[in-house]
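Structure first, commentary second.
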Amino acid sequence: MLVIRSLLFNLFLYAGIVFVFLIAIPTLLMPPKFTLLFGKFLGHYVVFTVKFFLNTKIEFKGIENIPKTKKYFLASAHQSMFETFALQSVLDYPIFILKKELLKIPLFGLYLKKIKSIEIVRNTTTKNNLNFFKRIANIVNNENRPLLIFPQGTRAKFEEHVPFKKGVGRIYAALNILCIPVALNSGKVWPKTGFIKYPGKIIISFLKPIEPGIKRETFLKTLEKKIYDEMNTIK
Numbered sequence: 363m364l365v366i367r368s369l370l371f372n373l374f375l376y377a378g379i380v381f382v383f384l385i386a387i388p389t390l391l392m393p394p395k396f397t398l399l400f401g402k403f404l405g406h407y408v409v410f411t412v413k414f415f416l417n418t419k420i421e422f423k424g425i426e427n428i429p430k431t432k433k434y435f436l437a438s439a440h441q442s443m444f445e446t447f448a449l450q451s452v453l454d455y456p457i458f459i460l461k462k463e464l465l466k467i468p469l470f471g472l473y474l475k476k477i478k479s480i481e482i483v484r485n486t487t488t489k490n491n492l493n494f495f496k497r498i499a500n501i502v503n504n505e506n507r508p509l510l511i512f513p514q515g516t517r518a519k520f521e522e523h524v525p526f527k528k529g530v531g532r533i534y535a536a537l538n539i540l541c542i543p544v545a546l547n548s549g550k551v552w553p554k555t556g557f558i559k560y561p562g563k564i565i566i567s568f569l570k571p572i573e574p575g576i577k578r579e580t581f582l583k584t585l586e587k588k589i590y591d592e593m594n595t596i597k
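Note that my numbering has the sequence shown beginning at 363, numbered continuously upward.
This is the structure in structure tokens:
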């Protein structure tokens, strides 16, 4: 049964993504807001496929912690592809930070550029990386959209507590705005590797904001503790 559910899920998931990518092509010639609408639609579509085909409940907790008027960015745990789509269903068109290689994927890379995603070359020093934090601040200051980052740096298994990357502390200092920590357990249903997906309940929890102005090292420890403490309660 798990194999059949997983097969149907993957078929409908990727067929739906390809279909949306194709019908959204005209938006590449339009203002970014039109491309962003398709991104939000995909977020809702992925949530639907997980619920329907995997017999999984999905709960978004702490939505009241997302500011209505103040600028903020989100620092989220990262366990699967699920949250990269699903978070778009409840957020106001987030700005993503992503590895530069993703921009080379045909069509998908064009959409990422169109919605002003911020690329970084990992584990190296380049001219673009040297200006990385300034570029982030400029984009966030000029856009009425929140920044979404994954401080673990890559997808982790749901039971893993990997140390957060120090770069999130530099982003916090550069932006000087509220940070909303996000804890989740999506890897229990949709692991980072493997074909099989599992029924269960996915919880995405938006925690109380961390105010700007504290030391980078203190912020990083506070962020990591808040997220992992919450994840221990939603396993």
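Note that CB positions come from ideal geometry on N, CA and C, so glycine has one too.
Member of the options whose CA lies at the smallest distance from the CA of residue i
{"i": "Y455", "options": "G401, G575, P571", "result": "G401"}
{"i": "K563", "options": "N372, E421, L369, K395", "result": "E421"}
{"i": "H440", "options": "Q514, R532, R507", "result": "Q514"}
{"i": "I425", "options": "N503, Y590, V452", "result": "V452"}
{"i": "P543", "options": "W552, L416, L509", "result": "L509"}
{"i": "N427", "options": "H523, E573, K577", "result": "E573"}
{"i": "T389", "options": "I477, N504, E521, K528", "result": "I477"}
{"i": "Y434", "options": "Y534, P561, I558, T397", "result": "Y534"}
{"i": "T411", "options": "F381, R507, F371", "result": "F371"}
{"i": "A518", "options": "E481, K550, R507", "result": "K550"}
{"i": "K395", "options": "K430, I482, R507", "result": "R507"}
{"i": "L369", "options": "K559, V382, E592, N594", "result": "K559"}
{"i": "R367", "options": "I387, K413, A377, T397", "result": "K413"}
Residue i classed as buried or exposed, judged by whether at least 16 other C-beta atoms fall within 10 angstroms
{"i": "E586", "result": "buried"}
{"i": "L601", "result": "Outside the displayed span of the chain (363 to 597) sits residue 601, for which this structure offers no information."}
{"i": "T580", "result": "exposed"}
{"i": "V530", "result": "buried"}
{"i": "L546", "result": "buried"}
{"i": "T488", "result": "For T488, the predicted structure reports a pLDDT of 47, less than 50, and the residue's modelled location is therefore unreliable. The matter cannot be settled from this model."}
{"i": "F494", "result": "buried"}
Contact set for residue i: own chain, Cβ-Cβ below 7 Å, skip 5 residues either direction
{"i": "F512", "result": "S438, H440"}
{"i": "S548", "result": "Q441, S442, F444, E445, I564"}
{"i": "F447", "result": "L404, G405, V408"}
Close Cβ partners of residue i (< 8 Å) along its chain, the five nearest in sequence each way excluded
{"i": "T584", "result": "I572, I576"}
Beta-carbon proximity of residue i to residue j, cut-off 8 Å
{"i": "F526", "j": "L474", "result": "no"}
{"i": "L472", "j": "A499", "result": "no"}
{"i": "I385", "j": "I457", "result": "no"}
{"i": "I459", "j": "I480", "result": "yes"}
{"i": "L465", "j": "F383", "result": "no"}
{"i": "K461", "j": "I482", "result": "yes"}
Other residues of its chain near residue i: CB distance less than 6 Å, five sequence neighbours each side excluded
{"i": "E522", "result": "none"}
Whole-number beta carbon distance between residue j and residue i, since they are thought to touch under 8 Å
{"i": "F416", "j": "P561", "result": "The identity of residue 416 in the sequence shown is Leu, whereas the question assumes Phe. Going by Cβ atoms, the distance from L416 to P561 rounds to 6 Å, so yes, they are a contact pair."}
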